[in-house]
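Novice: Quick note: to get the numbering used here, add 15 to the position in the sequence shown (first position is 1). Every residue, glycine too, gets a C-beta built ideally from N, C-alpha and C.
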Amino acid sequence: MARYFSGRRLREARRTAGISPEQLAISVGRSAYSIHEYELGRVTPPITVLASIADVLGRSVDDLLAEEEAHAA
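1) Can you tell me where the alpha helix (DSSP H) with L39 in it begins and where it stops?
2) Between R26 and E54, what straight-line distance do the alpha-carbon atoms span, to the nearest angstrom?
3) Given this structure, state the Cα-to-Cα distance separating H86 from R18, to the nearest angstrom.
4) Quick one: measure Cβ to Cβ for V43 and E52, integer angstroms, because I've assumed they're closer than 8 Å.
5) Taking the alpha helix (DSSP H) that E54 belongs to, which residues open and close that run?
Structure representation (structure tokens):
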């Protein structure tokens, strides 16, 4: 099954870590707007940024991914 970036998982992980979007943005060298777009799922962060985000949140990149559901044919 394929895996993809999940903005919802990012938002949950950030909130669990007690970090604001602004704090996360500063930590990974992005704008708060970018973090907002990632969390809404409008933009997928580059893998290097995703790895930095995971590190700041104390998570693995895999924790920020979701499995794509199989679609019936």
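Specialist: The short version:
1) P36 to V43
2) In this structure, the CA atom of R26 is about 6 Å from the CA atom of E54.
3) Only weak support is given to the placement of H86: the predicted model assigns it a pLDDT of 48, under 50, and the value that follows is read from those uncertain coordinates. Near 14 Å, if we compare the C-alpha coordinates of R18 and H86.
4) Between E52 and V43 the Cβ distance is about 13 Å, and since that is not below 8 Å, they are no contact.
5) Where E54 is concerned, the enclosing alpha helix (DSSP H) stretches over A47 to L55.
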